[in-house]
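Remarks on the structure that follows.
Residue numbers (this note's numbering), protein chains in the order written: chain A, 86 to 531; chain B, 86 to 531.
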C-alpha cells in the first residue's frame, strides 16, 4: 500500500478520553474511531489487524477439526425463555422489538441458538463428535463502557460449542480447545496463561480463562513463575488423540495459576517463595465444560448405541477477537507507539523514502515495494512529500515491526537501512539483502 | 473435508414455507436455517459460499484501489437526525434504546456514518480521491420477509463510498465502480447487466442497478439482446485511467437495458424487433453518484487548491453479498439441485467412494483427497457407509461442479470417473488425469 493512497488519519495529540495505553494508541494510530459509547468504527489500519487476528483464529480452529458457520446477531427472545436466561440476563442484554412487536435481542452469546440448531438436525450419536463455532459481532450493554475495544459494547467474539455423547468425549473437546487456544495466542505473539476460572452464571465444573500479563489488566493474578517458561511452540499434535491433548492440558495447568476470583492463598503460599508471582492480567479467552444443562433445556437429545435417548454433553469456548487488539498493544508497546508482533502486523514492513522526488530514491523504493509483494509480503510505502522525522514518527506510532529506510546517501554506497521496531537497531545492507532478511523473518507468518 | 466429520444436514423433504427455488435448495442442502422471520443462521456449507463471495468482493475492491474498513452494526440516532433521514426512513428502520435510553438503530446503510468519519479527519484535497467500503451486516425491517436470503431482514452487504473534490472525479469513481462490479459478478459466474435505475429516496442523477436474469426475479426488465453478448473477461484495465473506465461504461450501458421503474416504451420499441427482450431480473448491486447532499449536511468539507472550502462529491455503491447466494442459485440449478459456478463453489470437487471399507477404494479416495489438497483445492469426500444412490443425490443437491467416483470395478482397470454436474457427462480416466483436469479447470479460481 502506498501511504499517499491510504486512509491513515494519525493524531498528533493524545485523546483526553482514553485512560489506558492501548486505547490511546489505537486512536492516535488511526485504527478506530468511536461511533458511540463502547461502539467503534474500525478504520482501515485497525480493520486490517482485526482481520489478521480473525484469520489466525479460523486457521487454528480448522486445524483442530472445528467447523465454521455463522449465526445472526439478532435472536428471538423465545429461545432465551426456553433456557430461562431471558429474564435472568439483566440489563446487559440489549432487547429489541421489531415492527410487529416481536421481542428480540442482540446476542451476547449463542448457547441457546446453537443448541437449538443441533437439537433440530442431530438425532443419532453417529453425527458426533461435533464442534461448531462462529466469529460474530456480539453486544453487551455495559453500564460504563471504557478502555476502547477492551471493554466495548459491540465486540467481535469467536464462540465455539462442542456436542458430545459422553462426559469423557466432552472433556476431550475441552482439552482440544485448550491446545488449540495455546497455538492461537502464540501465533499472535502473546503468552496467554490458562488459569483456573470461576464458572460464574453459566455454570459448569471445568473452566479455564486465558490471561495475558499486562500492567493494565483488569484482574489480579497469582502464579508459579514456572508457568511463564512454558511454550507450545510448533510441536506436532494429533487433535483426535485424547492422551496427547490431555498431556498438554496437564503440562499447562498443573502449576499454580489463578485469578483473584479463584485464588487459594494457602496453595499459593505452599510454593517456594522465589516462584510466587503476583501481576495483573487481561482475559482473552475462556473454555468451559458444562455438561447437559443446555441440551436438556433445548432438547438436544440423541439415540446412543443402545437406542436410548440421552442429552448431549456440551461446552462453550470463546476468544475475544476485537479485545485481542487491545491486549496485544497493552503487552507490546513503548513510548513511541505500538510494536506489532510479526504474526498480526497490518503491514510486514514500512518503506520510508527520505527524499521523495529524487529519481534514484523513488526507483529504489519502488523496486523494494515490488520485491516485497513478489514474496507475498505487504509493504506500507510512505511516499508522501514529508520530512523524514514525521515519517519515522508515524511508522513508530503504527508499530510495523520492520522499516526499510531509503535515501540518496545510502544508495550511493548501494545500501538501505533495515530497522527493527522492537530493538531500535538498524543495519545497513544492499536492498536485496534486506528483502532476503524479511523473507526469513516472515517465513512462518505468511 | 471428510463428510463423516462435517455438519451437512441435507433434507429429504421440500420445506413447505419456501416459495422460490433458491430458498428451497438452500434449506434442503443444509446451507441455512431460519432463526426468525427473515433472519438466518448460515450452516457450514452456506457460510463457506458466503465467505467465498465476500472474498471475491474484497479482492476486486482492492484491485480497484478501494480501502476496506468496518463500521459497527449499531448507529446513534443523532447521526441520522443530522441528515434528516431518522424520521424519514420509516418502519423499515429497526430502532433500539440502550439501558441509558439512548436512541440507536441497526444500520440499514452507512452514508451518514462514513461521511461523519471523513468530515472528522479529511481537511484537505490532498487526501483525495478516497473510496472507503465495508462488508457488514445490515438490518431492514421488511414487513413481509420472504424468499430466504433474497429478501431477508438481517443481510450482508458491501457498501462503498467515494469522496472526491469535483463532480468529474466523482464520476470517474462511479465508472470505476461499474468496471469493478462487472469483474466481480463475472468471477462468480454471473452475467449481471447494468441497467439505468431510478434514483429513489437517496437522490442523485447517476445510478445503475446490476440485474441477473432469472425467471423468479422481482423486477421486469427490458433490454436489447446485444447486451447479453457483452463480457468483460480478463482484459487488463488501469483503474486510475479515466478514459479507460469511461469507455467500459459506454460499452456496457449505451444499449437499451432498463427495469420496469425506468422503462421507456418508445425507446425500446425503436429497437429492431428481433433484438427486443423482456425478462425478469434479480438486483444484485447498485451504483450511485449523488453529489454533495450528504457532505453538506454532515460537514464533509475540504480546502481546495485555491484555499476555498468546498463540500465533497460523493457516491455510494452496494453489492448484496448474502442475497447473491440466492441469485446465483436462481440462475444456476436444475431439478436435482444447485449447480455452483467454479468461482464460488464451497468445495472444488466431491469424491464418492462406491464401496466404503474396501481397502483399495478407500486408499484410492485418500490419495485423490491428498492430491487435491496438495494442489490447493478443497475436496469433499463422502466417506460415509451409505448407498451410492444416496451419495450421488447429496452431491447433486449441494451442487459441487465436479465429482470423482471411485469404485473397485474401475480401479481394476486403473480408472476413476470424473463427472460434470452441469452437463451430467462422465469420463473415465486414471486418478492422476482427473486431478490434472481439475487443476486446469480451477486455474483461474484458486
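We put the CB at the ideal spot given by N, CA and C, even for glycine. Fair warning: this is a prediction, and the values are worked out from it, not measured in the lab.
Run through DSSP, which three-state label would residue 299 (chain A) get?
Residue state for residue 299 (chain A) is assigned as coil, using DSSP reduced to three classes.
If I follow the unbroken beta strand (DSSP E) through residue 428 (chain A), where does it start and stop?
Per DSSP, residue 428 (chain A) lies in no beta strand (DSSP E) and is assigned neither H nor E.
Can you pull the DSSP bridge partners for residue 310 (chain A)?
Beta-bridge pairing links residue 310 (chain A) to no other residue.
Euclidean distance between Cα positions of residue 191 (chain A) and residue 184 (chain A):
Going from the Cα of residue 191 (chain A) to the Cα of residue 184 (chain A) covers about 16 Å.
Residue closest to residue 508 (chain A), alpha-carbon to alpha-carbon, out of A:486, A:310, A:219, A:381
Shortest Cα-Cα distance from residue 508 (chain A) to any of A:486, A:310, A:219, A:381 involves A:486.
Can you tell me which of B:338, B:273, B:268 puts its alpha carbon nearest to the alpha carbon of residue 319 (chain B)?
A check of alpha carbon separations from residue 319 (chain B) across B:338, B:273, B:268 identifies B:268 as the nearest.
Does the CB of residue 437 (chain A) have a neighbour CB from chain B at under 8 Å?
Residue 437 (chain A) does not count as touching chain B.
Say whether chain B places a C-beta atom closer than 8 Å to the C-beta of residue 327 (chain A).
Not closer than 8 Å to any Cβ of chain B, the Cβ of residue 327 (chain A) fails to qualify, so no.
Under 8 Å, do residue 266 (chain B) and residue 244 (chain B) count as touching if we go by C-beta distance?
Cβ distance not < 8 Å, so residue 266 (chain B) and residue 244 (chain B) don't count as in contact.
Exposure label - residue 439 (chain A); buried when at least 16 CB within 10 Å
Residue burial annotation: residue 439 (chain A) is buried, with at least 16 other C-beta atoms found within 10 angstroms of its C-beta.
Cα separation between residue 447 (chain B) and residue 465 (chain A)?
The straight-line gap from Cα to Cα measures roughly 49 Å.
Can you tell me where the alpha helix (DSSP H) with residue 173 (chain B) in it begins and where it stops?
Counting along the chain, the alpha helix (DSSP H) containing residue 173 (chain B) begins and ends at 170–173.
Pull up the CB-CB distance for residue 232 (chain B) and residue 418 (chain B), whole angstroms please, since I reckon it's below 8 Å.
About 15 Å; that fails the 8 Å criterion.
Chain A residues whose Cβ lies nearer than 9 Å to that of residue 150 (chain B)
Result: 90.
Check whether the region 290–304 of chain A touches the region 361–372 of chain A, taking contact to mean three or more Cβ pairs, one atom from each stretch, closer than 8 Å.
The region 290–304 of chain A vs the region 361–372 of chain A: in contact.
Taking residue 180 (chain B) as part of the beta strand (DSSP E), name the residues at either end of that continuous run.
In this chain, the beta strand (DSSP E) harbouring residue 180 (chain B) covers 179–182.
Here's the rule I'm using: 16 or more other beta-carbon atoms within 10 Å means buried, otherwise exposed. How should residue 160 (chain B) be labelled?
The residue is buried, with at least 16 neighbouring Cβ atoms inside 10 Å.
From the DSSP output, in three-state form, read off residue 454 (chain B) for me.
Reduced to three states, the DSSP call for residue 454 (chain B) is helix.
Per the DSSP calculation, residue 124 (chain B) is bridged to which residue(s)?
BP columns for residue 124 (chain B) point to B:121.
Between which two residues does the alpha helix (DSSP H) carrying residue 477 (chain A) extend?
Annotation: the continuous alpha helix (DSSP H) that includes residue 477 (chain A) extends over 473–483.
Residue range of the alpha helix (DSSP H) that includes residue 143 (chain B):
Residues 129–148.
Local Cβ density within 10 Å of residue 497 (chain A), reported as buried at 16 or more and exposed below that:
Answer is exposed; the Cβ neighbour count stays below 16.
How big is the Cα-Cα spacing for residue 489 (chain A) and residue 461 (chain A)?
A direct Cα-Cα distance of roughly 17 Å separates residue 489 (chain A) from residue 461 (chain A).
Any beta carbon of chain A sitting closer than 8 Å to that of residue 389 (chain B)?
Cβ-Cβ to chain A under 8 Å: no for residue 389 (chain B).
Residue 251 (chain B) in three-state terms, based on DSSP:
In this structure, residue 251 (chain B) counts as coil in the three-state DSSP scheme.
Got a sec? Which residues, its chain only, sit under 8 Å from residue 379 (chain A) by beta carbon, not counting five neighbours each side?
Result list for residue 379 (chain A): 168, 196, 197, 200, 385, 399, in chain order.
Under 8 Å, do residue 141 (chain B) and residue 242 (chain B) count as touching if we go by C-beta distance?
Cβ distance not < 8 Å, so residue 141 (chain B) and residue 242 (chain B) don't count as in contact.
Pairwise C-alpha distance: residue 337 (chain B) and residue 223 (chain B):
If you draw a straight line from the Cα of residue 223 (chain B) to the Cα of residue 337 (chain B), it is about 30 Å long.
Could you please give the first and the last residue of the uninterrupted beta strand (DSSP E) stretch that includes residue 465 (chain A)?
Run containing residue 465 (chain A): 464–467, per the beta strand (DSSP E) assignment.
Inter-residue Cα distance where the pair is residue 360 (chain A) and residue 136 (chain A):
When rounded, the distance between both Cα atoms is 38 Å.
Could you tell me how far apart the beta carbons of residue 280 (chain B) and residue 342 (chain B) are, in whole angstroms, since I believe they sit closer than 8 Å?
The beta-carbon separation of residue 280 (chain B) and residue 342 (chain B), rounded to 4 Å, stays under the 8 Å limit for a contact.
Could you name the residues of chain B that residue 205 (chain A) contacts, counting a contact when the two beta carbons are closer than 9 Å?
Per Cβ cutoff of 9 Å: 94, 118.
For the region 196–261 of chain B, list the alpha helix (DSSP H) runs that are entirely contained and at least 4 residues long, ordered along the chain.
Correct list: 196–206.
Starting from residue 530 (chain A), follow the beta strand (DSSP E) in both directions and report where the run begins and ends.
For residue 530 (chain A), there is no enclosing beta strand (DSSP E), as DSSP marks it with neither H nor E.
For the region 148–181 of chain A, which residues have a CB atom closer than 7 Å to at least one CB atom of chain B, in sequence order?
Per Cβ criterion, the list reads 150, 152, 153, 154, 155, 156, 157, 158, 159, 160, 161, 176, 179, 181.
For residue 531 (chain A) and residue 491 (chain A), believed in contact at Cβ under 8 Å, the rounded distance:
Wrong, their Cβ atoms sit about 23 Å apart, outside the cutoff.
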